[in-house]
Structure formats: C-alpha cells, structure tokens
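Numbering (the working numbering), first residue to last: 961 to 1337.
To start, the structure under review is shown below, and the notes come after it.
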C-alpha cells in the first residue's frame, strides 16, 4: 500500500494546511484530527450540520468596511424607510429588549411581507463568498442542514431563494417566523420566540420534533457559529457521538480568542468567506486507502474479477488482462500503464466506486462496474 494515504495522514495534512492560514486557529490539533476522522467515517449517512445564520452564513463586514446587516437590521431599516416616527419611538426599547421590541415594532408598523422581500434583495445582508458550495455539497450527499437562527426566518428564506434559487430540501430552518393576515401584513410572530441564549432543542415545536426524529441516528455533528452562545445549538437536538465546532470570530480577535479557543475546535478570524468550512467538508468527500473487490463485465456479459486500491486521491483498478487508472485531482503516476488505457474521472465515496462507462485498452471493448464489495479498509 506504499504511496497511499491513511485516514490519519489525511487528517494531519488537513490540520497542517488549515493552520498555515493566518486567520485560522486550531487550539488542539490532536483533538481536531480525532473529531475529523470520526466525522469522515460518519460521512454522509451519520452526519448532520448545524449552523447559525447572521454573521455566520452571512457576512459580518462589507468590502467598503461597513458592517453588513443582520436579518433584524433588514426589517428595522425597511421600517425606518417608511415610518421614521414609529422607528424612533421604539428604537430605545429595541436596544434594551432587542428581540421582543423589534418584533413589536414590526407588528406595529404593519409591515407587508412582499415589500420586505423586495427590500431584502437590495439590502446589506449578503451571504459569505462560496457559501453556495457548502450548500451544494450537503444537498448532493443528502446531509441534513439545520439553520438555527435568532433572526427573522422569513428574511433568511428570502435570501436563500435569491442566492440558491430555492431553499434546498435538506435544509431545516428554525427561527422567528411571521404570522401574516389575509392581506399579507405581519400581524405577529410564531411562538416560541428564539433569541441568542435559547437556540437549542427547548424551542423545537411539534413540526420540528418530527424532523429530528428522522435524523436521530445521525450522531455526528459539524457545528458552525459566530458567538459563544452558538456552541450550544446542538444541546438536546441529538445525542451526539462527536461534534466538531467551527467558529467565526468576526471582531476583537486578540481580546476574545482565548474564550473562543475554550469552546471551538476551529476558530476563523476576520475572514468574510466560507472557504475554511468548505475545505473541512470537502476533505470528507474523498476515500482513504483501502482495498475493494470488484466485478467488471463487458457488454457481451463476460465477467472479470478485479481489485481496486482506493486512496484519498485516486482509485487504481487492476482487472484480468488490463490495468486502468482513475484520477480524482492530486497526483499522477504509473504513466507507462496510462499509454495502454483511457482514464476517466470516477465518483469515489468510502468503499463504493462508481464507474459510469469506460473504453479501456486497444481493442475498444466497453467495460462497466457491476458490483463492488469492500474487502478491507
């Protein structure tokens, strides 16, 4: 198995590559590697992702240095544009009792949901760069993605529909949602009210409980947040075997990093992109070293038994009478054999090899993978 990467080697390599980034802090590299390995082995069937929205999936700061808006900011600014008197009267209370006062302000202003959706589209609430990649990986691998937000759920829905065309089926949003009257005007909020300090299972209503019953077997969690309160989003949601916590530290890094280091496994300082969470998740997609026993068949039905050596980066497949190489992305070797073969990218996930259709060898015979079983891993 010389030249192939073990899962431990991949974890260490990932940790090293992350810490080379000056914006990333990993307080305990050994613990990070242990947790990543557990999540990697759970991927995708035993994994779920829990994330905050404001300042986590969305930006904290704009390119010009201005602070980006939260979902509450969007609603407040919308009201300010239409009724400055009501806004001024309630602002002081809103600063003290942020959530309830803001909700009361929205109801009092008779905000129309359709107007708010249009205002959201031109607001300063912007998703982090490359966050759509994260959504795409989770959706393609059917991994539940729980967005736990103390913000306004309707605004989050507007943003996701605008940037992702629709809210993906694997996304479950727990937040503060409007109650609308027949005219589409906000007349209240659905209970219970969710704020920074109760973002856990205590606020899950009956509909949400049905969802969590469906994913209760997913006992490995990737959690992403930006506040110290976010680290408890998993409490009561699942009896987790392992939870890897990634935290965005958006301000006062030097002052707050010690507190964040005691709560998060990975801390991302002053980075407005989603590259680091993407890197952590993408690294779970590849297969580490193992041996797969595979049957191949020609189109006329002749069956050949072969062995696939699966690594993190590639699958090397040996079958009777020929050898072929399938590349994922990283390095190339055995070029002599390649002159006799036509190679093709395949989809690799743990011990499963998906070979769609390949022309191999000089005789132009068609080969396809009809069955594969893991021999060892």
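The C-beta atom is built at its ideal place from N, Cα and C for all residues, glycine as well.
Predicted, not measured: the structure shown is a model, and the values here were computed from it.
Asked                                                                                                                                                                    : Found
Does DSSP put residue 1137 in a helix, in a strand, or in coil?                                                                                                          : coil
For a test of the three-state rule: what should DSSP assign to residue 1074, helix, strand or coil?                                                                      : helix
Residues bridged to residue 1205 by DSSP?                                                                                                                                : 1183
For a quick check, are the C-beta atoms of residue 1008 and residue 1154 less than 9 Å apart?                                                                            : no
When burial is assigned at 16 or more other CB atoms within 10 Å of the CB, is residue 1151 buried or exposed?                                                           : exposed
Express the C-alpha separation of residue 1217 and residue 1229 in angstroms, rounding to a whole number.                                                                : 9 Å
Let me know the secondary structure DSSP gives residue 1010 once reduced to three states.                                                                                : strand
Check whether the Cβ of residue 1170 sits closer than 8 Å to any heavy atom of the ligand HEM, and report yes or no.                                                     : As presented, the structure is devoid of all ligands, the ligand HEM included, so that no description of it is given.
What are the start and end residues of the alpha helix (DSSP H) that includes residue 1110?                                                                              : Element bounds for residue 1110: not the alpha helix (DSSP H) but the beta strand (DSSP E), 1105-1112.
On a Cα-Cα basis, can you pick out the residue from 1124, 1074, 1119 that is closest to residue 1143?                                                                    : 1074
For residue 1120, which residues in the same chain have their Cβ closer than 7 Å to its Cβ, ignoring the five residues on either side in sequence?                       : 1127
State the CB to CB distance for the pair residue 1039 and residue 1066, rounded to an integer number of angstroms; the pair is presumed to be in contact (CB under 8 Å). : 7 Å
Which residue from 1017, 1132, 1145, 1005 puts its Cα closest to that of residue 1031?                                                                                   : 1017
Are the CB atoms of residue 1090 and residue 1238 within a distance shorter than 9 Å?                                                                                    : yes
Leaving out five residues before and five after residue 1221 in sequence, what residues of the same chain have Cβ atoms less than 6 Å from its Cβ?                       : 987
Tell me, please, whether the segment 1177-1193 touches the segment 974-992 by the rule of three or more beta-carbon pairs shorter than 8 Å.                              : no
State the DSSP-derived secondary structure class of residue 1087, mapped to helix, strand or coil.                                                                       : strand
Measure the alpha-carbon distance for residue 1160 versus residue 973 and round it to whole angstroms.                                                                   : 33 Å
May I have the straight-line CA-CA distance separating residue 1035 from residue 1076, to the nearest angstrom?                                                          : 7 Å
Hey, how far is the Cα of residue 997 from the Cα of residue 970?                                                                                                        : 9 Å
Does residue 972 have its Cβ less than 9 Å from a Cβ in chain C?                                                                                                         : In the displayed structure, chain C is absent; only one protein chain is listed.
Is the distance from the Cβ of residue 1028 to the Cβ of residue 1086 below 9 Å?                                                                                         : yes
Any idea what DSSP makes of residue 1213, helix, strand or coil?                                                                                                         : helix
My output table needs one value for residue 1229: the three-state DSSP class, helix, strand or coil.                                                                     : strand
Please name the residue in 1191, 1137, 1176 whose C-alpha comes closest to that of residue 1157.                                                                         : 1191
What whole-angstrom Cβ distance do residue 1122 and residue 1081 have, given they're in contact under 8 Å?                                                               : 6 Å
Determine the burial state of residue 1019: buried for a count of at least 16 other Cβ atoms within 10 Å of its Cβ, exposed for fewer.                                   : buried
Does the Cβ-Cβ distance between residue 1226 and residue 985 come in under 9 Å?                                                                                          : yes
Residue 1000 to residue 1178, Cα distance in whole Å?                                                                                                                    : 13 Å
Who are the near neighbours of residue 1124 in its chain, counting only those whose CB is closer than 8 Å to its CB and skipping five residues on each side?             : 1092, 1095
From what residue to what residue does the alpha helix (DSSP H) around residue 1003 run?                                                                                 : Looking at the DSSP string, residue 1003 is not in any alpha helix (DSSP H), and its letter there is neither H nor E.
Going by CA-CA distance only, name the one from 1236, 1171, 1136 that's closest to residue 1110.                                                                         : 1136
Going by beta carbon distance, what residues of the same chain come within less than 6 Å of residue 1101, once the five residues before and after it are set aside?      : 1004
Going by DSSP in three states, residue 1063 sits in which element: helix, strand or coil?                                                                                : helix
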